[in-house]
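Asker: Numbering (the numbering used here), first residue to last: 950 to 1899.
By construction, the Cβ of each residue, glycine as well, lies at the ideal position given by its N, Cα and C atoms.
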Amino acid sequence: MTVTEHAATAGGEADLLDLLAAATGDPGRVGRRLTDRLAHAHDASHFMLTPRAVVSASSATEVGRLFAAAGSAGVPLGFRSGGTSLSGQGGTDGVLVDTRRHFRDIEVLDDGARVRVGPGATIRQVNARLARSGRKLGPDPASEVACTVGGVVANNSSGMACGTWANSYATLESIVLVLPSGTVVDTGEADADRRLREAEPELHAGLCRLRDRVRGDAALRKRVEQQFSMKNTMGYGLNSLLDHTEPADILAHLAVGSEGTLAFIASVVLRTVPLHGHARTGLLVFDDLAGATGALPALVATGPATIELLDATSIRVGQRDAQATAVLRDLAVDRHAALLVEYQSGTADEVDELAAGAGAVLAALPTAAPVVLSADPATRAGHWHVRKGLYAMIAGARPAGTTALLEDIVVPVPELLPTCESLTGLFDRHGYRDSVIFGHAKDGNIHFMLTERLGDGRPLDRFAAFTDDMVDLVLGHGGSLKAEHGTGRMMAPFVRRQYGDELYEVMREIKRLCDPRGVLNPGVLIAEDPAGHLRNLKASPQVEEEVDRCVECGFCEPVCPSRDLTTTPRQRIVLRREIERAREAGDTAALAQLRAEYEYDAVQTCAVDGMCQTACPVTINTGDLMKRLRAEEAGRAMSAIWAGAARHWDGATRAAATALTTAAKLPERLVLGANELARKAGGTDSVPLWSPELPSGGRRRTESVTGNADAVLFASCTGTMFGGKEPGAAAALRTLCERAGIRLTTPDRPASLCCGTPWKSKGMNRGYDEMSRRVLPALWAATGSGRIPVIGDASSCTEGLRHLIEHGPERFREIRVIDAVEFVRDEVLGRLTISAPVAAVALHPTCSATRMGLSGALREVTAAVAGSVTVPDEWGCCGFAGDRGLLHPELTASATARQARELSAAGPFDAHVSCNRTCELGMTRATGHRYEHVLELVERATRAAEGNSE
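Here you go:
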């Protein structure tokens, strides 16, 4: 009996949970609540399976114990890391093992020529480490911000440039696998094959037998060679049986693209490729697809790194992109097609030589407009923004309640034109309007996207008929039904058809040898159900604007500070969908449970930092949704309190400062005891938690009106509340400007003003509007009706003021707000002499600075007064988020844990700096080192040079 039959040999659900808790040794890492299970039931695919439990594994040995537990319980087991897979391979209705929270180690080897990586590290994180050595990973999927090495290897994902020469299969040097038996295989060991033979004799012998069977049959060999002459992720990588001889090496390469069905990938060593820092890019527009595909042989011969195809519908969509070039925007699109071509190299001279060598070929092509290969960063960025933004623009504009389906296929390049033409015909025949075709033309690998209503018993006749016709089309042109997205559940029913009975039986035998009990990911890659691709489909009920636009890609998750504590933006959204589904179904018990758990898991522990929006392809800011929910939860009474605070903000900030100053003078035990009682009475989401590292209160902001001023200083109220004994950012900015001969003034009654962020972050609209009515007229008067700029001394306040102005009355739109860091870089530093720089500085860019594009200025200012500047690779939002770190200190602890460890190993540092007061408090708490505003460091570095203005 296999686990796919869900035999309850170990008893009921409680027995399963006990087995999993025993396997991990930590019941806290076994998610059993409905919220835990539904949050992980969704990934980027259009499938949805709800796991019976979610386990956060921490080691290869532990995974082996989980295999034993799942096998004993007769329950299947699957893996999830980034959750960006598109074909359903990342979900299970058994035990889901989350490998994202651990297994993130990255070890650069041989000056970057190789890298050892855990499956939980994202491609972007690995490439950031390798970039220092001028190297990068070969696979270059578009989801690199969120997809992890484990998923990329398990799917043999590729991308725009790597083709088959630099994908995971081609660049794999060694791998550490945990087999379902619990055996750990490290193919990097010199005697790995002997160890495999001794530990798993049947598996070893079986791989030898299959190797010889395929090699010894000319027809089978030819079929395998043909299938893997192109990008191909359908079924198992049977080319392993031809390319490698020792069973350990065969097993290692079979694991690539196995989609979690053969073993757990605990670690890999990958060979890297050069990082080409220079490029020339051009968009070649043709009258039709025939012209574009006909140009491919000549173009490929010129050696471009990428050739991306866009069909006519893709071009029309791209014309709506704000960054589209004038040539593209002005094109009257009929049957046109385009090729985005890029040449890359290590130096400008080398790439210029490549481009020049291609000149004659490019000039001879029948393009609809002159071809220009540009080195201009803005032009190149515009081209790639159009190409990479296609999915987002179409998915974001889809009708509410529909699902965006992104599929990929591959055919031999000569078959690309008839395949694209026939595919367009299928769209029309089945009524899929505005579907697009784009992809990696150099490889014959194209993607197409359509939207469909799925799940909850909706008819699937159209989707099923289209899929059958598409399979006929692709296989009829000698192609593969999957090129880089993995077989998953979507194409598993068609593997036999693509390979034939005999090779399919070879695949089934591989599965049986590695996983005899069928524990791992049943229904994925190998499936006997001919309608498996039509089962367990995800429904998308209409909820609210942010929720309805979400495509559940997961790109937001790596930047979310609560990702290792509670939920991510994607999970906050999918849980809203599940709450709505429960409401529609009349499931009152599930509805009550989900709503109760959502309050802390989603609303209270969201930092509302907006970083999710910077990574989201459809620009959703989940924090905006959480703010609205906070406002709804707070009710009228709390809204009135916050509106009152806005009217008396001077007193409110001084009261907070007095409380902190008093707390600093009292015995710690006394303060903590009283504070805990207050939190129990008032609620942990309302009453802040004091901690010993918090500073005492600061000085009240005072008016300093100067005639004929050059700028208006808007000092943050956090300097009053959390100022401590140090001068602070506002004082440092004043001193620097005095030294530089720059005159500052302030608005009238500055102590009563605020940027509005405290109200906006809590959804307190009455208080926000009240503060807006006070701040905007005061700034209008102080700036001389917008004649001089306003300088914000904290990045979140700068951002808050800009938002206040943008959403305020039209007459105040002329007010300009500049962050102090940018102002000092552009107007002040050049007038000062830096006489006392420090050697090494740890820098924490803030979320608001990142969103406003100020990270470069922040680094430049820091570098001006420091010999070296370190931003940790594990940098992210600190989670302090105004008062979140005071209300929920566990959020900051979780968000900063990895970067704090990295800084501890990289130190010591002479200074620790940031550009926002509450972030400085959060990082001080996380690292045990005092963080200050970077301008305080600049002030000290130029102090000895006072009077030496140039």
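State the Cα-Cα distance for the pair residue 1748 and residue 1765, rounded to the nearest angstrom.
Answerer: Distance between the alpha carbons of residue 1748 and residue 1765 is about 12 Å.
Asker: Three or more C-beta pairs under 8 Å: does that hold for the stretch 1217–1226 against the stretch 1058–1069?
Answerer: Yes, they touch.
Asker: Going by DSSP in three states, residue 1179 sits in which element: helix, strand or coil?
Answerer: It is coil, neither helix nor strand.
Asker: Check for me: the alpha helix (DSSP H) holding residue 1104 runs from which residue to which?
Answerer: Looking at the DSSP string, the run of the alpha helix (DSSP H) that includes residue 1104 is 1098–1104.
Asker: Residue 1636 by DSSP, collapsed to three states: which one?
Answerer: Coil.
Asker: Less than 9 Å between the C-beta atoms of residue 1236 and residue 1283, yes or no?
Answerer: Their beta carbons are under 9 Å apart, which means residue 1236 touches residue 1283 by this criterion.
Asker: Looking only at C-alpha atoms, which of 1479, 1350, 1575, 1360 sits nearest to residue 1445?
Answerer: Of the listed residues, the one whose Cα sits closest to residue 1445 is 1479.
Asker: Since residue 1880 sits in a beta bridge, which residues does DSSP pair it with?
Answerer: The partner list for residue 1880 (beta bridge, DSSP) reads 1861.
Asker: Pairing CB atoms from the stretch 1706–1717 with CB atoms from the stretch 1827–1843, are three or more of them under 8 Å?
Answerer: Touching, yes, given that three or more Cβ pairs across the two stretches are closer than 8 Å.
Asker: Helix, strand or coil for residue 1397, going by three-state DSSP, please let me know.
Answerer: It is a strand residue.
Asker: For residue 1542, name the three-state secondary structure that DSSP assigns.
Answerer: Residue 1542: helix per DSSP, three-state reduction.
Asker: Could you give the distance in angstroms between the alpha-carbon of residue 1636 and the alpha-carbon of residue 1598?
Answerer: Roughly 18 Å separates the two Cα atoms.
Asker: Do you know whose CA, among 1841, 1890, 1686, lies nearest residue 1868's CA?
Answerer: Of the listed residues, the one whose Cα sits closest to residue 1868 is 1841.
Asker: Under a Cβ-count criterion, where at least 16 other Cβ atoms within 10 Å of its own Cβ denotes burial, should residue 957 be classed as buried or exposed?
Answerer: For residue 957, the predicted model reports a pLDDT of 40, less than 50, meaning its position is unreliable; a value from the coordinates is still stated below. Answer is exposed; the Cβ neighbour count stays below 16.
Asker: With a cut-off of 8 Å on the beta carbons, I'd call residue 1134 and residue 1145 a contact; round off their distance for me.
Answerer: That belief holds up - the Cβ atoms of residue 1134 and residue 1145 are roughly 6 Å apart, short of 8 Å.
Asker: Kindly list the residues whose CB is nearer than 8 Å to the CB of residue 1895, restricted to its own chain and excluding five residues on each side of it in sequence; keep chain order.
Answerer: Low confidence applies here, because residue 1895 scores a pLDDT of 49, under 50, leaving its location unreliable; read the following figure in that light. Counting only Cβ-Cβ distances below 8 Å, and skipping sequence neighbours, we find 1688.
Asker: Just the Cα atoms here: how many angstroms apart are residue 1053 and residue 1696?
Answerer: Each residue's Cα considered, the two are about 49 Å apart.
Asker: Tell me whether the stretch 1855–1873 and the stretch 1518–1532 touch, counting them as touching only if at least three CB pairs, one residue from each stretch, are closer than 8 Å.
Answerer: As far as the Cβ criterion goes, the stretch 1855–1873 does not touch the stretch 1518–1532, which means the pair count is below three.
Asker: To the nearest angstrom, how far is it from the Cα of residue 951 to the Cα of residue 1315?
Answerer: Below a pLDDT of 50, predicted positions are generally treated as unreliable, and residue 951, at 40, falls in that range; no measurement from the model is reported.
Asker: Using three-state DSSP, classify residue 1871 as helix, strand or coil.
Answerer: Reduced to three states, the DSSP call for residue 1871 is helix.
Asker: What does the Cβ neighbour count give for residue 1410, buried or exposed, with the cut at 16 atoms within 10 Å?
Answerer: Classification for residue 1410: exposed.
Asker: How is the alpha helix (DSSP H) around residue 1768 delimited, first residue to last?
Answerer: Unbroken run through residue 1768 is the beta strand (DSSP E), 1766–1768; no alpha helix (DSSP H).
Asker: By the three-class DSSP mapping on this structure, what secondary structure does residue 1074 have?
Answerer: Of the three classes helix, strand and coil, the one that applies to residue 1074 here is helix, per DSSP.
Asker: Would DSSP call residue 1828 helix, strand or coil?
Answerer: Residue state, collapsed to three classes: coil.
Asker: Extract the residue ranges of the beta strand (DSSP E) inside the stretch 1732–1762, only unbroken runs of 3 or more that lie entirely within it.
Answerer: 1739–1741, all fully within the stretch 1732–1762.
Asker: In angstroms, rounded to a whole number, what distance separates the CA positions of residue 1047 and residue 987?
Answerer: Approximately 14 Å, taken between the alpha carbons.
Asker: Could you spell out the range, first to last residue, of the beta strand (DSSP E) harbouring residue 1389?
Answerer: Element bounds for residue 1389: 1385–1389.
Asker: In whole angstroms, what is the alpha-carbon distance linking residue 995 and residue 1877?
Answerer: Their Cα atoms are separated by approximately 45 Å.
Asker: Check this for me: beta carbons of residue 1807 and residue 1792, under 9 Å apart or not?
Answerer: Yes, the Cβ-Cβ distance between residue 1807 and residue 1792 is below 9 Å.
Asker: According to DSSP, is residue 1153 part of a helix, a strand, or is it coil?
Answerer: It is helical.
Asker: Residue 1182: which of 1403, 1438, 1081, 1603 sits nearest, CA to CA?
Answerer: That would be 1438, whose Cα lies nearest to the Cα of residue 1182.
Asker: Are the Cβ atoms of residue 1658 and residue 1737 separated by less than 9 Å?
Answerer: Yes; because the gap between Cβ atoms is below 9 Å, this pair is in contact.
Asker: Tell whether a beta-carbon distance below 9 Å holds between residue 1580 and residue 1714.
Answerer: It is a contact, given that the beta carbons lie within the stated cut-off.
Asker: Beta-carbon within less than 6 Å of residue 1045's beta-carbon, same chain only, minus the 5 sequence neighbours each way: which residues are those?
Answerer: Taken in chain order, the residues that qualify are 989, 1000, 1003, 1027, 1029.
Asker: For residue 1293, write down the residues that DSSP places opposite it in a beta bridge.
Answerer: According to DSSP, residue 1293 bridges with 1228.
Asker: Below 8 Å on the Cβ atoms is my contact criterion, and I expect residue 1740 with residue 1661 to pass it. Report the Cβ-Cβ distance as a whole number of Å.
Answerer: With 8 Å as the limit, residue 1740 and residue 1661 qualify as a contact, their Cβ atoms being about 7 Å apart.
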